[in-house]
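S.K.: Could you have a look at this structure, given as structure tokens, before my questions?
Protein chains: 4
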Amino acid sequence: MRLQAGCEIVVEAEADCAVVAMLRPRSNAAQWLVSETWRFTPQVRPSEYIDGFGNVCQRFIVPRGRMTIRAELEVETDADIATPGTAPATAPALLPPDTLQYLLPSRYCPSDRLFDDVLDIVGDASPGAGQVEAICGWIRRHVVYRYGESNASTDAIETMRHGAGVCRDYAHVGIALCRALRLPARMVVGYLYGLEPMDLHAWFEVWLDGRWYTCDATQADPRGGRIVVAIGRDAADVAFLTNHGGLSTVDMQVWVGLTPAG
Amino acid sequence: MRLQAGCEIVVEAEADCAVVAMLRPRSNAAQWLVSETWRFTPQVRPSEYIDGFGNVCQRFIVPRGRMTIRAELEVETDADIATPGTAPATAPALLPPDTLQYLLPSRYCPSDRLFDDVLDIVGDASPGAGQVEAICGWIRRHVVYRYGESNASTDAIETMRHGAGVCRDYAHVGIALCRALRLPARMVVGYLYGLEPMDLHAWFEVWLDGRWYTCDATQADPRGGRIVVAIGRDAADVAFLTNHGGLSTVDMQVWVGLTPAG
Amino acid sequence: MRLQAGCEIVVEAEADCAVVAMLRPRSNAAQWLVSETWRFTPQVRPSEYIDGFGNVCQRFIVPRGRMTIRAELEVETDADIATPGTAPATAPALLPPDTLQYLLPSRYCPSDRLFDDVLDIVGDASPGAGQVEAICGWIRRHVVYRYGESNASTDAIETMRHGAGVCRDYAHVGIALCRALRLPARMVVGYLYGLEPMDLHAWFEVWLDGRWYTCDATQADPRGGRIVVAIGRDAADVAFLTNHGGLSTVDMQVWVGLTPAG
Amino acid sequence: MRLQAGCEIVVEAEADCAVVAMLRPRSNAAQWLVSETWRFTPQVRPSEYIDGFGNVCQRFIVPRGRMTIRAELEVETDADIATPGTAPATAPALLPPDTLQYLLPSRYCPSDRLFDDVLDIVGDASPGAGQVEAICGWIRRHVVYRYGESNASTDAIETMRHGAGVCRDYAHVGIALCRALRLPARMVVGYLYGLEPMDLHAWFEVWLDGRWYTCDATQADPRGGRIVVAIGRDAADVAFLTNHGGLSTVDMQVWVGLTPAG
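Protein chains in written order, with the working numbering: chain F, 5 to 266; chain L, 5 to 266; chain Y, 5 to 266; chain P, 5 to 266.
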């Protein structure tokens with residue numbers, strides 16, 4: 005399916021402020037970037053670099069005052085996502101080298117503290133896809149989707165205890181529990197067609213039987229129509245705006261629709 | 005300056021044909037990609053990869069028959085290019101590792117056969133920028149710009165003997181002679197504002213005194229307004245369309261203009 | 005100075021166990037690997053890969069029972085380390101792209117929770133080297149070096165509260181506090197000449213004024229004679245042995261000495 | 005099998021001379037580096053970098069006068085090499101991205117000029133392994149192994165015309181002819197157990213049916229016992245010593261034997 009998506013973010017800086025924006029998707033096996041347009045008001049000329057996960061990062065200075073960042077994208081992506089079905093876990097010795105970093109504990113996914121909890125959660129589910137399904141089911145039953153219950157410091161263990169959070173918290177719990185089973189799992193942020201209320205979204209991917217599978221514990225039956233913007237170990241790696249000073253987000257609009265001819 | 009540029013290429017395949025297109029620019033220190041739109045008719049969904057030089061390559065199958073590939077770009081770039089002035093050559097021991105490959109001879113730039121010739125050409129020009137200026141001057145005096153005198157197999161030595169060629173041949177001679185002086189030099193293809201007749205263009209860059217400088221022996225006084233599309237050792241690395249079968253280019257249009265508000 | 009160093013590790017596996025060893029140093033600007041010899045008993049043939057931080061990782065299967073891993077190294081390294089003196093912090097906009105990941109919070113260095121604490125700790129120390137010196141001094145005054153007070157799950161905040169730990173805990177506190185000041189900081193593990201009792205060691209590096217500086221809060225006056233084995237965000241990235249099953253370390257010997265002729 | 009190999013090279017510099025040595029093998033899927041020792045007399049401390057093909061390059065200054073470079077290696081490698089049997093060519097659309105560069109013409113392998121010749125040479129051999137076998141057979145019948153018939157500027161077409169050359173020329177012809185059939189092919193230099201007279205050796209690899217196969221047209225029945233030191237498009241990329249000034253090789257000894265316990 006072909007999607008038109010985009011966002012417009014208004015930020016305000018107390019003083020000239022260095023910013024890294026992680027909002028520019030790349031083409032890959034699952035999506036092809038047909039069109040994109042960037043508008044910065046006032047005009048700046050960002051420099052770009054690719055981070056260690058392959059994400060495109062745009063660096064620029066927000067001059068004192070307000071700046072509007074607007075991205076318009078057209079992306080060809082899959083209407084449906086592959087479900088792991090009964091895919092088994094890949095034996096550790098057969099995991100590709102670049103999946104191994106996604107087994108390690110990270111800031112918001114302290115999987116090293118969940119080795120026992122995860123066994124209770126997955127019970128006797130079949131290794132691999134069955135366990136992942138059990139984890140997503142557990143999250144949907146034990147975590148309520150509610151704004152304002154978590155913040156930028158909340159990690160997966162806190163969300164599990166507190167029982168409430170938003171999409172990024174759901175993803176952190178899913179990732180931490182998968183890693184505690186030695187299943188590589190990573191954070192994804194991007195656009196999702198049909199999301200309500202519309203916003204940038206976060207979900208996760210798990211490596212089973214030789215490939216990454218999309219998982220989204222916020223949906224009982226995860227849909228396609230996804231545009232991946234950035235990938236990382238957890239939210240620390242994929243913040244859409246990182247600033248090194250006093251920047252605040254004043255407004256943010258996000259939209260995703262079908263391309264007229266798509 | 006802000007440029008609107010693009011191309012439309014019509015190809016014809018005798019049978020389904022695997023193609024690699026190297027037409028997608030990247031943002032870098034010298035240019036920022038504000039907007040781009042791709043249209044393939046009939047629709048295909050390319051897969052993309054980054055080659056060893058950092059170029060974006062799009063792979064796809066051209067189905068039997070005709071296909072139109074259309075790219076529309078908007079790019080912020082410099083109106084003027086830096087000239088090396090009196091920049092000295094960088095001592096070999098101080099060259100950054102990734103410049104060293106551009107000292108090696110390559111398919112169209114057999115610099116290992118030009119160690120003697122280049123000394124005659126540069127004479128007692130001052131090492132570095134002075135030598136590069138002497139090389140560009142020599143090319144302008146000894147090579148006539150004329151279509152049909154060279155082909156896809158013509159190398160720098162043949163062009164020097166024959167005394168005629170097009171932009172890619174000019175670049176090959178410049179690169180080969182610079183490398184024969186142990187100055188790193190590399191091929192660039194892209195768009196040039198104001199080029200007549202309009203077409204995709206080729207030029208070269210030389211490393212002097214800690215940075216790459218743009219050189220274009222087809223112009224007495226090289227202008228800016230350049231959009232870099234691909235970089236490599238020589239034309240072998242930066243073909244805008246590589247096919248592995250019977251593909252022919254039926255038509256090709258290229259345009260570069262100022263963005264209305266630019 | 006030229007060092008002879010090495011380690012011999014005896015592990016025991018309950019069943020065939022996939023392992024990643026991160027024990028193989030690489031040559032770099034600060035050290036040159038003159039000689040190395042690896043012995044695995046029983047013999048295995050590891051496969052190697054380079055991780056996202058540039059570390060050499062050796063993968064192999066430890067068969068059920070005991071295995072001895074022995075590494076002998078000879079490395080040319082600096083007898084003294086550069087001290088930052090009065091080096092200022094690098095402005096965020098000028099940090100090289102690959103240092104930016106070392107500003108992010110990580111599993112054991114939750115710098116996002118230390119923005120307030122660090123201001124108390126550094127007080128009015130001069131930005132950059134002065135702040136780093138204040139941080140190292142604070143650690144030496146507030147953290148006692150004692151085995152058995154921390155474990156593989158202990159993070160910097162826990163060490164700060166508890167006031168005791170070992171070299172990896174000292175490094176985690178230093179890294180977390182530097183990042184809270186927006187100074188890039190990263191974990192280093194390796195060998196240190198003259199360490200007592202001899203063991204593999206951990207310290208950290210901080211980016212100031214355009215380069216990485218070695219910091220080691222376990223020493224009042226950090227010495228050179230260091231062989232860097234691995235680098236990462238924190239201990240999660242640089243475990244010398246990662247196993248995905250039931251492996252235990254039975255014995256470990258480490259040695260570092262001067263090469264006879266060195 | 006486990007091999008002890010090494011070389012000792014004596015060079016002489018008219019003046020201080022910057023050098024890049026490409027003599028340090030890496031562990032990979034086909035070989036594991038058990039031990040290595042480097043001696044430079046007089047002592048220097050090289051800096052190392054990895055080039056675009058993954059080769060380890062050591063840079064250093066040879067001071068005016070003589071220098072001895074000595075490498076001792078112990079490597080676990082395969083006693084036998086896989087033969088392609090009846091492996092088919094991989095369809096162009098299915099070639100992995102990093103094999104595509106090995107389809108391009110290069111300095112010593114101008115495959116773009118051999119599209120017609122290669123068809124005569126392979127005749128109706130079966131696509132893939134059959135064609136490669138036909139190419140190697142043709143080389144053995146039409147090129148005599150003789151020193152002094154070629155030099156550092158000789159390319160594959162000159163060797164084909166002249167009918168004589170050494171291992172590097174054999175490899176260039178094989179690579180150029182394979183590429184003319186759109187089979188990815190690359191140059192390899194390294195050690196070969198049992199070579200007579202002993203020297204550093206050159207051969208090539210061709211990509212068939214999803215993997216690289218070792219080809220060596222200097223042998224009717226290519227043996228294993230190979231240590232790969234460097235890989236590239238052709239000899240331009242894998243010179244064991246590149247200097248940027250007046251350096252001469254005064255003496256060179258090479259040895260390869262079985263490890264006593266191997």
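We put the beta carbon where it would ideally sit given N, CA and C, even for glycine.
1. Should F/Thr-253 go down as buried or exposed, given a rule of 16 or more other Cβ atoms within 10 Å for buried?
2. Going along chain P, which residues have a C-beta under 8 Å from Y/Ala-33?
3. Report the residue from F/Trp-42, F/Ile-65, F/Met-71 and F/Val-24 whose alpha carbon sits nearest the alpha carbon of F/Val-14.
4. Where does P/Gly-249 sit, in a helix, a strand or coil, going by DSSP?
5. Given a threshold of 16 other Cβ atoms within 10 Å of its Cβ, counted over all protein chains shown, does L/Val-232 qualify as buried or as exposed?
6. Can you confirm whether P/Gly-266, when its beta carbon is compared against all beta carbons of chain Y, has any partner nearer than 8 Å?
7. Apply the 10 Å Cβ neighbour rule to P/Gly-266 and answer buried if 16 or more other Cβ atoms are within range, or exposed otherwise.
8. In this structure, how does DSSP classify Y/Arg-227 when only helix, strand and coil are distinguished?
9. At a CB distance below 8 Å, what residues from the stretch 14-31 of chain F approach chain L? Give them in sequence order.
10. Within the continuous beta strand (DSSP E) that includes P/His-94, where are the two ends?
11. Excluding five sequence neighbours on each side, which residues of the same chain lie with their C-beta closer than 6 Å to the C-beta of F/Cys-11?
12. Name the chain F residues that come within less than 7 Å of Y/His-166, Cβ to Cβ?
13. Assuming P/Trp-211 and P/Thr-94 are in contact, meaning their beta carbons sit under 8 Å apart, how far apart are those beta carbons, in whole angstroms?
14. With a cut-off of 8 Å, does the C-beta of P/Asp-241 fall near any C-beta of chain L?
15. Is L/Ile-125 close to chain P? Criterion is C-beta to C-beta, closer than 8 Å.
16. Suppose contacts are defined by Cβ-Cβ distances below 8 Å. Is Y/Met-26 in contact with Y/Ala-243 by that definition?
17. Tell me whether the beta-carbon of L/Ser-154 lies closer than 8 Å to the beta-carbon of L/Val-170.
18. Give every residue of the same chain whose Cβ lies closer than 6 Å to the Cβ of L/Glu-18, excluding the five residues on either side of it in the sequence, and list them in chain order.
19. In the DSSP assignment, the beta strand (DSSP E) including F/Ala-9 goes from what residue to what residue?
20. Take Y/Leu-99 as the anchor and find which of F/Leu-118, F/Arg-172 and F/Val-23 has the nearest alpha-carbon.
21. Mapping the DSSP letters down to three states, classify Y/Gly-236 as helix, strand or coil.
22. From what residue to what residue does the alpha helix (DSSP H) around F/Pro-134 run?
23. Restricting to runs no shorter than 3 residues, where is the beta strand (DSSP E) found entirely within the stretch 162-223 of chain F?
24. Give, in chain order, every residue of the stretch 98-121 of chain L whose Cβ lies closer than 7 Å to some Cβ of chain P.
25. I'd like to check one pair, F/Gly-236 with F/Thr-81: are the Cβ atoms closer than 8 Å?
26. Which residues of chain P have a Cβ atom closer than 9 Å to the Cβ of L/Ala-65, listed in chain order?
27. Report the partner residues of F/Ala-22 according to the DSSP bridge assignment.
28. Could you list which residues in chain Y have their beta carbon closer than 9 Å to that of F/Ala-156, in chain order?
29. Please return the same chain residues whose Cβ sits closer than 6 Å to the Cβ of Y/Ala-175, not counting the five positions on each side in sequence.
30. State buried or exposed for L/Tyr-106, treating a residue as buried only when at least 16 other CB atoms are found within 10 Å of its CB.
31. Report all residues from its chain with a CB closer than 6 Å to the CB of Y/Glu-16; omit the five preceding and five following residues, and keep chain order.
32. Mind listing the chain P neighbours of Y/Val-258? Cutoff is C-beta to C-beta under 8 Å, in chain order.
33. Around the C-beta of Y/Thr-246, are 16 or more other C-beta atoms found within 10 angstroms, so that it is buried, or is it exposed?
34. When the Cα atoms are used, what is the spatial distance from Y/Leu-77 to P/Trp-36?
35. Could you tell me which residues DSSP puts in a beta bridge with P/Arg-43?
36. Y/Thr-87: which of Y/Ala-240, Y/Thr-45, Y/Arg-227 and Y/Val-260 sits nearest, CA to CA?
M.R.: If we stick to the structure as given:
1. Here residue 253 of chain F corresponds to residue number 249 of the first sequence, with the count starting at 1. Classification of F/Thr-253: exposed, given that the 10 Å Cβ count is below 16.
2. As a working note, residue 33 of chain Y is residue 29 in the third sequence. Near Y/Ala-33 (Cβ distances below 8 Å), the residues of chain P are Ser-51.
3. Your numbering for residue 14 of chain F matches position 10 in the first sequence. Here the closest residue by C-alpha is F/Met-71.
4. Along the fourth sequence, read from residue 1 onward, the residue named residue 249 of chain P stands at position 245. In the structure shown, P/Gly-249 sits in coil (DSSP, three-state: anything other than H, G, I, E or B).
5. By 1-based counting over the second sequence, the position of residue 232 of chain L is 228. Counting Cβ neighbours within 10 Å, L/Val-232 comes out buried, since at least 16 surround it.
6. Taking the first residue of the fourth sequence as 1, we reach residue 266 of chain P at position 262. For P/Gly-266, the predicted structure reports a pLDDT of 48, less than 50, and the residue's modelled location is therefore unreliable. A value from the coordinates is still provided. For P/Gly-266, the answer is no, since every Cβ of chain Y falls outside 8 Å of its Cβ.
7. For the purposes of this step, residue 266 of chain P is taken as residue 262 along the fourth sequence, with counting starting at 1. Bear in mind that the predicted position of P/Gly-266 carries a pLDDT of just 48, short of 50, making it unreliable; the figure below should be weighed with that in mind. With fewer than 16 other CB atoms across the displayed protein chains lying within 10 angstroms of its CB, P/Gly-266 is exposed.
8. Numbered from its first residue, the third sequence carries residue 227 of chain Y at position 223. Reduced to three states, the DSSP call for Y/Arg-227 is coil.
9. Arg-30 and Ser-31
10. Here residue 94 of chain P refers to the residue found at position 90 when the fourth sequence is read from its first residue. At residue 94 of chain P the sequence reads Thr, which differs from the His that was named. No beta strand (DSSP E) holds P/Thr-94; DSSP gives it neither H nor E.
11. Counted from its first residue, the first sequence places residue 11 of chain F at position 7. Excluding residues up to 5 positions away in sequence, Ala-75 and Val-258 lie with their Cβ nearer than 6 Å to the Cβ of F/Cys-11 in the same chain.
12. Counting from one through the third sequence, the residue named residue 166 of chain Y turns up at place 162. Under the 7 Å cutoff, chain F gives no residues; its nearest Cβ is about 17 Å from Y/His-166.
13. Position 207 of the fourth sequence holds residue 211 of chain P. Position 90 of the fourth sequence holds residue 94 of chain P. With 8 Å as the limit, P/Trp-211 and P/Thr-94 qualify as a contact, their Cβ atoms being about 6 Å apart.
14. Working through the fourth sequence from its first residue, we reach residue 241 of chain P at position 237. Interface annotation, P/Asp-241: in contact with chain L, CB-CB separation under 8 Å.
15. Your numbering for residue 125 of chain L matches position 121 in the second sequence. So, not an interface residue.
16. By one-based count along the third sequence, residue 26 of chain Y stands at place 22. By one-based count along the third sequence, residue 243 of chain Y stands at place 239. Yes, they are a contact pair.
17. Counting from one through the second sequence, the residue named residue 154 of chain L turns up at place 150. Counting from one through the second sequence, the residue named residue 170 of chain L turns up at place 166. A contact, by the Cβ cut-off of 8 Å.
18. Working through the second sequence from its first residue, we reach residue 18 of chain L at position 14. Excluding positions up to five away in sequence, the list reads Gly-250.
19. Counting from 1 along the first sequence, the entry for residue 9 of chain F is found at position 5. Start and end: 6-17.
20. Along the third sequence, read from residue 1 onward, the residue named residue 99 of chain Y stands at position 95. The candidate whose alpha carbon is nearest that of Y/Leu-99 is F/Val-23.
21. By one-based count along the third sequence, residue 236 of chain Y stands at place 232. In the structure shown, Y/Gly-236 sits in a strand (DSSP, three-state: E or B).
22. Counting from one through the first sequence, the residue named residue 134 of chain F turns up at place 130. This sequence places Gly at residue 134 of chain F; Pro is not what is there. Its alpha helix (DSSP H) spans residues 133-146.
23. 189-196, 205-212 and 215-219
24. Those residues of the stretch 98-121 of chain L that come within reach of chain P (Cβ to Cβ, closer than 7 Å) are Pro-101, Leu-104, Gln-105, Leu-108, Pro-109, Ser-110, Arg-111, Pro-114, Asp-116 and Arg-117.
25. Here residue 81 of chain F corresponds to residue number 77 of the first sequence, with the count starting at 1. Here residue 236 of chain F corresponds to residue number 232 of the first sequence, with the count starting at 1. No, the Cβ-Cβ distance between F/Thr-81 and F/Gly-236 is not below 8 Å.
26. Taking the first residue of the second sequence as position 1, residue 65 of chain L is located at position 61. Before going further, note that residue 65 of chain L is Ile rather than Ala in the sequence given. Ala-97, listed in chain order.
27. By 1-based counting over the first sequence, the position of residue 22 of chain F is 18. Partner(s): F/Ile-65.
28. What you label residue 156 of chain F is simply residue 152 of the first sequence in a count that begins at 1. In chain order: Asp-116.
29. Reading the third sequence from its first residue, position 171 is the one you call residue 175 of chain Y. Met-191, Ala-206, Trp-207 and Phe-208.
30. As a first step, residue 106 of chain L is located in the second sequence; it is residue number 102 there, counting from the start. Answer is buried; the Cβ neighbour count reaches 16.
31. As a working mapping, residue 16 of chain Y is identified with position 12 in the third sequence. Arg-70, Ser-252 and Val-254.
32. Position 254 of the third sequence, counted from the start, is the residue given in the question as residue 258 of chain Y. Chain P residues near Y/Val-258: none, gap ~19 Å exceeds 8 Å.
33. Counting from one through the third sequence, the residue named residue 246 of chain Y turns up at place 242. Buried is the call here.
34. Start at 1 with the first residue of the third sequence, and residue 77 of chain Y comes out as number 73. Start at 1 with the first residue of the fourth sequence, and residue 36 of chain P comes out as number 32. So the alpha carbons of these two residues sit roughly 17 Å apart.
35. Taking the fourth sequence and counting its residues from 1, the one referred to as residue 43 of chain P is at position 39. P/Arg-74, per the DSSP bridge assignment.
36. Reading the third sequence from its first residue, position 83 is the one you call residue 87 of chain Y. Ranking the options by Cα distance to Y/Thr-87, first place goes to Y/Arg-227.
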